[in-house]
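Please read the structure below before turning to the comments.
Protein chains: 2
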Amino acid sequence: MSEQVKTTRIPIVERVLEANDQLAETVRSELARRGIFAIDLIGAPGSGKTALLEATLRQLKGRRRPAVLVGDLATRRDGDRLARWCDRVVQISTGDGCHLEAGQVRDALTQLDLDGVDILFIENVGNLICPVGFDLGQAVKVGLFSLTEGDDKAAKHPYLVTAANLVLLNKIDLAPYVSFDRSGFEADVRLLNANVPILSVSATTGEGLDRWLDWLDRGVSGAQGARAT
Amino acid sequence: MSEQVKTTRIPIVERVLEANDQLAETVRSELARRGIFAIDLIGAPGSGKTALLEATLRQLKGRRRPAVLVGDLATRRDGDRLARWCDRVVQISTGDGCHLEAGQVRDALTQLDLDGVDILFIENVGNLICPVGFDLGQAVKVGLFSLTEGDDKAAKHPYLVTAANLVLLNKIDLAPYVSFDRSGFEADVRLLNANVPILSVSATTGEGLDRWLDWLDRGVSGAQGARAT
Chain A
0 MSEQVKTTRI
10 PIVERVLEAN
20 DQLAETVRSE
30 LARRGIFAID
40 LIGAPGSGKT
50 ALLEATLRQL
60 KGRRRPAVLV
70 GDLATRRDGD
80 RLARWCDRVV
90 QISTGDGCHL
100 EAGQVRDALT
110 QLDLDGVDIL
120 FIENVGNLIC
130 PVGFDLGQAV
140 KVGLFSLTEG
150 DDKAAKHPYL
160 VTAANLVLLN
170 KIDLAPYVSF
180 DRSGFEADVR
190 LLNANVPILS
200 VSATTGEGLD
210 RWLDWLDRGV
220 SGAQGARAT
Chain B
0 MSEQVKTTRI
10 PIVERVLEAN
20 DQLAETVRSE
30 LARRGIFAID
40 LIGAPGSGKT
50 ALLEATLRQL
60 KGRRRPAVLV
70 GDLATRRDGD
80 RLARWCDRVV
90 QISTGDGCHL
100 EAGQVRDALT
110 QLDLDGVDIL
120 FIENVGNLIC
130 PVGFDLGQAV
140 KVGLFSLTEG
150 DDKAAKHPYL
160 VTAANLVLLN
170 KIDLAPYVSF
180 DRSGFEADVR
190 LLNANVPILS
200 VSATTGEGLD
210 RWLDWLDRGV
220 SGAQGARAT
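Sequence order for the protein chains is A and B.
Residue 140 in the numbering used here is what sits at position 141 of the first sequence, and the numbering runs on without skipping anything.
Residue 172 in the numbering used here is what sits at position 173 of the second sequence, and the numbering runs on without skipping anything.
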């Protein structure tokens, strides 16, 4: 029985992914047309995705026009937190869904006024595994890890590290209180993705955010330059 | 297209779950026959599942005969850590699988000498969502949260909290360094699962482990009493 299930299952999963990829391309084209730099932010529950975005939106105020989509199984707590710093936020409730899909992003974008928006943050559901396989139409994927999770999480989540355009290591303000081998972590990342930038940040104290903001600025410039050509 | 995919997809997922449930019942019967108390330990990446089991195995030495199954996408690091404290450990590599399934548990158990074993820990893949829906044949599910993840994680993961027979809150040694509203966290748990015990622990300092060990002892007594009757 389980063999039968397996052989039936695979083509269905592929069809779901194919349908997702088609929707993702629609989203990607629309964002490119508008010159919006879109970031799919992926991290474990509690890695600090919302805290990072709060700190980032605070810094971008007056300099950029951001929009945010945020996915969670339940509650609108993250959306409410982010709405304090940005007037274009949509909370996506996934129910028991363990990741966002391109169709949800497309639908959420119709609820926003995108005129003048230059950067879109998509905070994925807190999960290091399932979000990786689903293209959302983003320009880049950012893999967010945190010091309190332990230094083995890159090696244990190779698909995210391989797919990431940037690896962020958050909560470096807690370094004095937890055991974390930063060079070991970085070596694990390098084995999987030799050239990916690795930036250390603290969303709480603001340490390291300048380099993250520079990286975002380059992304926005790229997206707007591509639109102009 | 996406509608067509959805209607085709649901019965397949149900068949996978049905096949899993049948295997889980086989595992459950075998464990019950042997009087083994089996715990499915579910928590986010970096919540401290392996550290908790290390501390637990150290305490159980000479008092209990434990066995451990541990699931990860990649690496055998957790298995190696646990094998220092227990001679019956099987590492299950799930590849890109975001949770353990009953068939993996059944197969892993055939690799262990279960004679005299009275407690089985199954450390699930680090993920607060997908493992919840898959019965592994366990007696109980334990939901592990940690202080560094933030106090909103129970409300944001209602399926795990509802399904849990015990909620553990780990890393309480880090309380002075992070913001965490413990009464808010407990209130969120209580809304979802009114009577579930909530125990605060630190796998690092050992604080609170005595109550967790008492809880395990009662589970083992229950499993062995049920076998005797």
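Glycine included, each C-beta is placed from N, C-alpha and C at the ideal position.
In this text the structure is predicted, and so the values were computed from the model without any measurement.
Closer than 8 angstroms to the CB of Ile128 (chain A) there is at least one CB belonging to chain B. Shown here for Ala154 (chain B): same chain residues with a beta carbon closer than 6 angstroms to its own, the five before and five after excluded, namely Asp187 in chain order. As for any beta strand (DSSP E) of minimum length 3 sitting wholly inside the region 33–96 of chain B, the runs are 36–42, 65–71 and 88–92, ordered along the chain.
Nearest CB-CB separation between Arg76 (chain B) and chain A: below the 8 angstroms threshold. Of the other Cβ atoms in all chains shown, 16 or more fall within 10 Å of the Cβ of Lys170 (chain B); this residue is therefore buried.
By the rule that beta-carbons nearer than 8 angstroms mark a contact, Pro157 (chain A) touches chain B. Here Ile118 (chain B) is actually not in contact with Leu135 (chain B); their C-beta atoms are around 15 angstroms apart, not less than 8 angstroms. Going by DSSP, Glu122 (chain B) is part of the beta strand (DSSP E) stretching over Ile118 to Glu122. Residue contact with chain A for Ala43 (chain B): present (Cβ-Cβ distance below 8 angstroms to some residue of chain A). Of the other Cβ atoms in all chains shown, 16 or more fall within 10 Å of the Cβ of Arg63 (chain A); this residue is therefore buried. Ala54 (chain B) is outside the set of residues whose beta carbon lies under 8 angstroms from a beta carbon in chain A. For Gly183 (chain B), the enclosing alpha helix (DSSP H) has its first and last residue at Arg181 to Leu191. Sequence-distant partners of Lys140 (chain B) (beyond 5 residues in either direction) whose C-beta falls short of 7 angstroms from its own C-beta, in its chain, are Asp39, Ile41, Ala162, Ala163 and Asn164. Around the Cβ of Pro175 (chain A), a 10 Å sphere holds fewer than 16 other Cβ atoms; the residue is exposed. By the Cβ-count criterion, Thr55 (chain A) is buried, with 16 or more other Cβ atoms from all chains shown falling within 10 Å of its own Cβ. Taking C-alpha positions only, Ala107 (chain A) is separated from Ala23 (chain B) by approximately 39 angstroms. One alpha carbon belongs to Gly224 (chain A), the other to Asp86 (chain A), and they sit about 25 angstroms apart. Note on geometry: alpha-carbon atoms of Val177 (chain A) and Ile128 (chain A) lie some 24 angstroms from one another.
Leu51 (chain B) is a Cβ neighbour of Ala202 (chain B), given a cutoff of 8 angstroms.
A straight-line Cα-Cα distance of about 9 angstroms links Leu159 (chain A) and Pro130 (chain A).
Thr109 (chain A) is classed as exposed because its beta carbon has fewer than 16 other beta carbons within 10 Å across all chains shown. Excluding five sequence positions before and after Phe179 (chain B), the CB atoms of its chain that fall closer than 6 angstroms to its own CB belong to Leu146 and Asp150, given in chain order. DSSP places Lys155 (chain B) in no beta strand (DSSP E) but in the uninterrupted alpha helix (DSSP H) bounded by Lys152 to Lys155. For a Cβ distance threshold of 7 angstroms, nothing in chain B lies close to Ala37 (chain A): the least Cβ distance comes to about 21 angstroms.
For a Cβ distance threshold of 7 angstroms, nothing in chain A lies close to Thr161 (chain B): the least Cβ distance comes to about 11 angstroms.
At least one CB atom of chain B sits nearer than 8 angstroms to the CB of Leu72 (chain A). When rounded, the separation of the alpha-carbon atoms in Ala138 (chain B) and Ala66 (chain A) is 45 angstroms. Taking C-beta atoms under 8 angstroms as the contact rule, Val26 (chain B) and Arg105 (chain B) qualify, at a distance of about 5 angstroms.
Put simply, the backbone Cα of Glu17 (chain B) is about 31 angstroms away from that of Arg217 (chain B). Between Ile35 (chain B) and Val116 (chain B) a beta carbon distance of about 6 angstroms is seen, short of the 8 angstroms cut, so the two are scored as contacting.
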